[in-house]
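Numbering (the numbering used here), first residue to last: 107 to 239. Using N, Cα and C, we set each Cβ at its ideal position, and we do this for glycine too. None of these values were measured; they are calculated from a predicted model.
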């Protein structure tokens with residue numbers, strides 16, 4: 107079984123809603139982020155992926171490390187992901203401009219979050235911490 111090293115960001119708006127995105131041909135909602143390239147660190151990956159996937163410009167000092175977690179990948183067969191996840195608390199409301207492999211997004215709140223299929227990394231690491239905010 108192979109392991110992918112990824113970096114992701116849990117974006118929270120002023121209403122404490124959590125942004126999750128859904129890739130084309132997937133049923134799972136996941137954090138914005140992606141595979142860490144050879145010439146990148148985790149923060150550089152998040153900055154690149156946020157701009158590519160949702161049109162959001164992030165500065166490194168806006169990110170706070172949430173944790174790392176290893177779990178089963180939802181979109182790749184026989185694969186594990188080791189994810190490095192950061193918080194980004196936005197002081198303003200943001201409307202994502204989706205691009206690349208992203209099909210749709212949702213701002214999760216405490217009333218709707220159970221209606222969606224969460225990717226394992228988001229559900230296992232982020233969901234419990236987000237619900238306690």
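Point to revise | CB contact flag (residue 155, residue 173, <9 Å) | key: By 1-based counting over the chain shown, the position of residue 155 is 49. By 1-based counting over the chain shown, the position of residue 173 is 67. Inclusion of residue 155 and residue 173 in the CB contact set at 9 Å is not warranted, their separation being larger than that value.
Review point. Excluding the five sequence neighbours on either side, which residues of its own chain have a C-beta within less than 6 Å of the C-beta of residue 228, listed in chain order?
Key: Working through the chain shown from its first residue, we reach residue 228 at position 122. Listed in chain order, the non-local C-beta contacts of residue 228 below 6 Å within the same chain comprise 136, 137, local neighbours out to five positions each way being set aside.
Check your understanding: Mind checking whether residue 119 and residue 219 have CB atoms under 9 Å apart?
Key -> Numbered from 1 along the chain shown, position 13 holds the residue referred to as residue 119. Numbered from 1 along the chain shown, position 113 holds the residue referred to as residue 219. Not a contact, by the Cβ cut-off of 9 Å.
Practice item. Tell me whether the beta-carbon of residue 112 lies closer than 9 Å to the beta-carbon of residue 160. Key: Position 6 of the chain shown, counted from the first residue, corresponds to residue 112. Position 54 of the chain shown, counted from the first residue, corresponds to residue 160. Not closer than 9 Å, so no.
Exercise for review: Identify whether residue 328 lies in helix, strand or coil by the three-state DSSP scheme.
Suggested key: The structure shown does not extend to residue 328, since the chain is modelled only from 107 to 239, so the question has no answer here.
Practice item. Please classify residue 214: is it buried, with 16 or more other beta-carbons within 10 angstroms of its beta-carbon, or exposed? Key: Working through the chain shown from its first residue, we reach residue 214 at position 108. With 16 or more Cβ atoms within 10 Å of its Cβ, residue 214 is classed as buried.
Review point. Nearest to residue 221 by CA position, among 126, 110, 144, is which residue?
Key: For the purposes of this step, residue 221 is identified with residue 115 of the chain shown, where counting begins at 1. Comparing alpha-carbon positions, the option among 126, 110, 144 lying closest to residue 221 turns out to be 126.
Point to revise | Boundaries of the beta strand (DSSP E) in which residue 156 is found, first to last residue | key: Taking the first residue of the chain shown as 1, we reach residue 156 at position 50. Residue 156 -> not in any beta strand (DSSP E); alpha helix (DSSP H) instead, spanning 148–160.
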